[in-house]
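Numbering (this note's numbering), first residue to last: 292 to 520. Each remark here refers to the structure printed beneath this line.
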Amino acid sequence: MRFDAVLFELEGVLVDTAASRREALRRSLAQDGVRLTDEDFAACCTGLSVRDAVAVASHRAGARLDDTALDLAALRAERHFAALSGGGLSLVPGARELVEALAATTRLGVVTRLSRGDAERVLRLAELEYAVEVVVSAEDAVPKPHPAPYALALSRLARRRPVSPDAVLALEDGPAGIAAATAAALRCVAVGPLPAHQAMRAAGSLPTLAGVTPERLALVAGAATEGAR
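Shown next, in the form of structure tokens:
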């Protein structure tokens, strides 16, 4: 099965941001007296926008932050993340090779919870700007799990030539992204060490991109979906 377009979440799918994002949240929440453990981050923050992660983590810790406090904590977390990741971020194993292989025949886009500045910086440092036709960042739409970011990406792709949702594949690293892609009528492959009950909500899953070819990616997405019919 061949896809007309593949849309990536940058965080967790192409770029390893977990350590920087976790530490940024921890530092920000500490100013509100909220303690964030590694277990808390893994259990409730992976795959969420920064503000949603702040809200869920603070609630989990029993803290009651109003909207203004949540906004300020999210802003602090973004600033800490920018400082922590300023020296550069690492692509996950296999990401560059897969993007380069797909770019030869497939339209590519990014639908990410990263800010536009961070997304553009990551793509520039990774020298992958040439491969990406559209970028939908955190500022552009209602965040995942709402389908709006993916709907916007499809709209931008369609400006050049028509695209059908059933011919577009999304790669996501968490439940919010999987839900957003699915709600936008896209096939979705979960990437990374997701719990089974979360990964099964996607059409297929891959524990890593290392060694993954476009052919295998299509097989995982297509075969899993066909088998579910």
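Virtual Cβ for every residue (Gly too), placed ideally from N, Cα, C.
- Counting along the chain, residue 454 sits inside no alpha helix (DSSP H), nor does DSSP assign it H or E at all.
- By the criterion of a C-beta distance shorter than 6 Å, residue 313 is surrounded in its chain by 332, once the five residues flanking it on both sides are discounted.
- Collapsing the DSSP output to three states places residue 503 in coil.
- In the same chain as residue 397, and ignoring 5 residues on each side of it, the C-beta atoms closer than 8 Å to its own belong to 293, 294, 295, 296, 297 and 505, in chain order.
- Between the alpha carbons of residue 445 and residue 508 lies a distance of about 20 Å.
- In this structure, DSSP gives residue 302 an extended state, which the three-state scheme calls strand.
- When beta bridges are read from the DSSP output, residue 307 appears opposite 381.
- Inclusion of residue 368 and residue 315 in the CB contact set at 9 Å is warranted, their separation being smaller than that value.
- At the C-beta level, residue 413 and residue 327 stay beyond 9 Å of one another.
- Unbroken alpha helix (DSSP H) stretches of 4 residues or longer found wholly inside the segment 310-364: 329-335 and 341-351, given in chain order.
- Counted as a single uninterrupted DSSP element, the alpha helix (DSSP H) harbouring residue 474 occupies residues 466-474.
- Where residue 408 is concerned, there is no enclosing beta strand (DSSP E), although the alpha helix (DSSP H) around it starts and stops at 407-417.
- Of 342, 371 and 351, the smallest CA-CA separation from residue 358 is found for 342.
- Straight-line measurement puts the Cα of residue 429 at about 18 Å from the Cα of residue 380.
- Bounds of the beta strand (DSSP E) holding residue 463 are 459-463.
- If you check the CB distance, residue 465 and residue 485 come in under 9 Å.
- A straight-line Cα-Cα distance of about 14 Å links residue 439 and residue 401.
- Put simply, the backbone Cα of residue 384 is about 13 Å away from that of residue 417.
- Across the set 394, 389, 393 and 325, the C-alpha of 389 shows the shortest separation from the C-alpha of residue 502.
- Under the DSSP assignment, residue 446 falls in the alpha helix (DSSP H) whose first and last residues are 439-449.
- Here residue 436 is buried: its Cβ has 16 or more other Cβ atoms, across all protein chains shown, within 10 Å.
- Bridge partners of residue 481 according to DSSP: 463 and 496.
- Residue nearest to residue 362 within the set 320, 310, 473 and 455 is 320 (criterion: CA-CA distance).
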